[in-house]
Structures are given as C-alpha cells and as structure tokens.
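Visitor:
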Amino acid sequence: MNRMPAQFFRLKKEWKTSLCWLLTPILLTVFVMKTFGALQEDAKVPIGLIVVDSSSLATQLAHEIERNEMLSVRYMELDDALHKLKQHELDSVFVIRDGYEESVLANRRNGLIEAYSSNRSFAYPAISETIMSLAQQDMSRSKAAGVIRQLFREYGMEDEWNYDEIIRKSVEKQQNESLLHTSFSYGEQAVKSDEKPLELLNSRAVWAFFTIIAAFFLFDWMIKESRPSMQVRWLYTSISFKFHAVRMLGLYCFLTILSDVVTLTVFHYVLQEPVTLAFILPLLTFRVTLNLFAFLLAIVYRQLFMFYMTGIAIALLLTVTGGAILPLDALSKRAQWVEVISPVRALMTTTIPVVWLLLLVLVLAAWLVKGGKRIA
1 MNRMPAQFFR LKKEWKTSLC WLLTPILLTV FVMKTFGALQ EDAKVPIGLI VVDSSSLATQ
61 LAHEIERNEM LSVRYMELDD ALHKLKQHEL DSVFVIRDGY EESVLANRRN GLIEAYSSNR
121 SFAYPAISET IMSLAQQDMS RSKAAGVIRQ LFREYGMEDE WNYDEIIRKS VEKQQNESLL
181 HTSFSYGEQA VKSDEKPLEL LNSRAVWAFF TIIAAFFLFD WMIKESRPSM QVRWLYTSIS
241 FKFHAVRMLG LYCFLTILSD VVTLTVFHYV LQEPVTLAFI LPLLTFRVTL NLFAFLLAIV
301 YRQLFMFYMT GIAIALLLTV TGGAILPLDA LSKRAQWVEV ISPVRALMTT TIPVVWLLLL
361 VLVLAAWLVK GGKRIA
C-alpha cells in the first residue's frame, strides 16, 4: 500500500489556507493598482473638446491634447459642453474652429481656438497656455516649412521635399532629440542624464510588500511542526525532522514559484506591465530568498502571533529600504551598500540579491549541521 509523503499531510489539511496566501498578494496588488489608477483618473482636470475642423492638423492637435496626462478630455457637442461647464462638471471648454489647418498654413494666428471658462475654472490659465503652445508648434512648423520651400525654389530644388515631408522630419527631430534638456558637468566630472519619470506607486513594490507578509503566513507550518507534541512522532520515523522541514521548504518553494507564474501573467495582461526575460530571473531569486528568510526565521519562534507581527514589520522595513516609497537612485550612486540592504531593491532594479541569498544558504547549512535555539 502506497503511503502519502509526510510533507503532504499538512498541505492536504490546510490547502485552502495555503491557496489563499498564494493568491492574496496578486489580488491585493491588482486591487491597489486599479484603485490608485482610478484615483489618478479622477484627479485629472476634465475639459470639453469640440473639433469642428476635420483636417489632419486639427485631428493631430486633438490627439496631442488628449495625450496630456493631467487632462481628462471629453469629446462632445458645443451646447452639451457649455451646459456641463455651467454645471461645473467641466473646468473649461475648447473648440478647434473650422479652418484651423488653413489658418496654420497661411500663418494666421488669430481665431484658431475658442475657449470658454467659468468662475470655477481654476486650471483654465494653465490649460489654455498648454493648448496654445501645442497650436504654436503647428504654426512654427508650418512657417519653417514655408521658409525651407522658399529656399528650395531659390536654389532650384522645388521637387526635393514637399510640405508633408518637412513637417514629418520636424516631428521626428523633436521626438528623437532632447531639444529642451541638457547635461551639466563640473570640472572633469561627467554627468550622464538618465532621468526617469517618477512613479508614485510601483506595482512590483506593492506586490513585494504583500508577498513578504504572505510568506510569513505560509511558513507558519514550521512553528506548528516544531511544537513538542508534534516532535514526538519523529522518534518513530525513519527520517529526521530537519530532513522533513527541508522537503517542506522545497514543496512550498515549488508552490510559490507556480504562483509567481500567475503573477507574471496578471502583470502582463491585467496591469499592462512589461514582462521580460530580464525580470523573470530576479523575480525567482527574490522568491527563493524570501522563502529561505521566512523559513529560517520561523525556526527561532514559538508563538505564531509574534511571528506574524514580525513578518508585517519586516515587510514594511524591506519595502521602505528597498526604495519602494522613497527613491534611492541618487543615494545608491554614492554608496553601493544601499543596493544590498533589501531584496526588494534587487527586485525593483531587476538584479539578483546575491548577498542575501548566500547569507541565507549559509545559515540554512549551519542549522542543518548544528541546529539552533528558539528565542521567541
């Protein structure tokens, strides 16, 4: 008669709880990120946009306005927009008038865009300046194209470039060149400008925080199995408790890695996060590091409540020191030791927490050889 391996007895008994803690970080991450995204959307300034002109330049301007991250653009009819403006549902209303493209091509600056505001249009000055600057870009490109075409005619190159090609080249140059950015250097020190947009909330950091907490609730079996009433059974078995614990560690590592596969799928399809091969290995090493840490810490605890509270405190500490709340990029350039403070930092920077992993493997080896004392 085939007997069930010992490590499956507890899993069979607590599979619902284990499944819950395997999926909880994923569900909470999706909830937090979606809620935060909705709050960000609500924080945008609502404006009404009426596009009367059907030309390509007018359509392009509307798309440029819509791409502004601070604006919530709503396309509607003028009467409806003005009604909502009176009801203070819109901050302001802008109308791209008929003949916009003709005015731009003729270098006529007046009457391109109509704007409406109310006594509560607090963001109207900034928004109007932003929209007018976008229209000014079209004017500048059109004027530059006219000058270039005039030069072509003077030098007999009228068929070399047409108007659309000049505008397209201008847009490409603006996108590829940092025309409004520069780098400074002091003395012989070279400064590289690799600025990245600041993220208010990072999905990896949120997932790491909940995953650290869940790991401590997953590995509470180590405390339960170490109770004196449970230790008696190992006197009558052919395997030692340490061998059983290591096999349980391997089983839970396998289960958590399976949940990480689900995490990558959710990141890609639900949160629209890019999942690359360069991120998969740091994720797996972070998971193994976290499992070893929770397993080894459970060895020295007797009370489940204290173990859980420690796990929550460690989750907060590792998340903060990992740069998930306060950016540590500038500090890490001055002091390299910042990179090894927390395995969350390695996950954020898609690196491997080598120091943490080696240290935990050494501690595990020492426990297998000599054992350890329980302190709490």
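Be aware that the sequence shown starts at 1, since it is given in full-length UniProt numbering, and climbs by one per residue. Think of the CB as a built atom: it goes at the ideal place given N, C-alpha and C, for glycine as much as any other residue. Computed from a predicted structure; not experimentally measured.
(1) Could you tell me the boundaries of the alpha helix (DSSP H) in which Leu292 lies?
(2) How many Å lie between Cys110 and Ile131 at the Cα?
(3) Could you give the DSSP three-state label for Ser117: helix, strand or coil?
(4) With a cut-off of 8 Å, do at least 3 Cβ pairs link the stretch 65-76 to the stretch 18-29?
(5) In this structure, does DSSP put Ile239 in helix, strand or coil?
(6) Among residues of its own chain, excluding the 5 on either side of Ser18, which ones have a beta-carbon nearer than 6 Å to its beta-carbon?
(7) Terminal residues of the continuous beta strand (DSSP E) containing Gly48?
(8) Please classify Arg204: does DSSP put it in a helix, a strand, or coil?
(9) In or out: Leu358 buried (at least 16 other Cβ within 10 Å) or exposed?
(10) Our contact map puts Asp98 next to Asp53 with C-beta atoms below 8 Å; I'd like the distance itself, whole angstroms only.
(11) Which two residues bound the contiguous alpha helix (DSSP H) that contains Ile65?
(12) Could you give the first and the last residue of the continuous beta strand (DSSP E) run that contains Ser226?
(13) For Ile312, which residues in the same chain have their Cβ closer than 7 Å to its Cβ, ignoring the five residues on either side in sequence?
(14) Kindly identify the DSSP beta-bridge partner or partners of Leu71.
(15) When you compare each of Leu251, Ala315, Leu347 to Leu284 by their alpha carbons, which one comes out closest?
(16) Verify whether the separation of the beta carbon atoms of Ser133 and Ser92 is less than 8 Å.
(17) Which residues mark the beginning and the end of the beta strand (DSSP E) in which Ser92 is found?
Guide: The structure says:
(1) 277-299
(2) Contrary to the premise, residue 110 reads as Asn rather than Cys in this sequence. If I take the Cα positions, the gap works out to 14 Å.
(3) strand
(4) no
(5) coil
(6) none
(7) 45-51
(8) helix
(9) exposed
(10) 5 Å
(11) 56-66
(12) No beta strand (DSSP E) holds Ser226; DSSP gives it neither H nor E.
(13) Ile213
(14) Val45
(15) Leu347
(16) no
(17) 92-96
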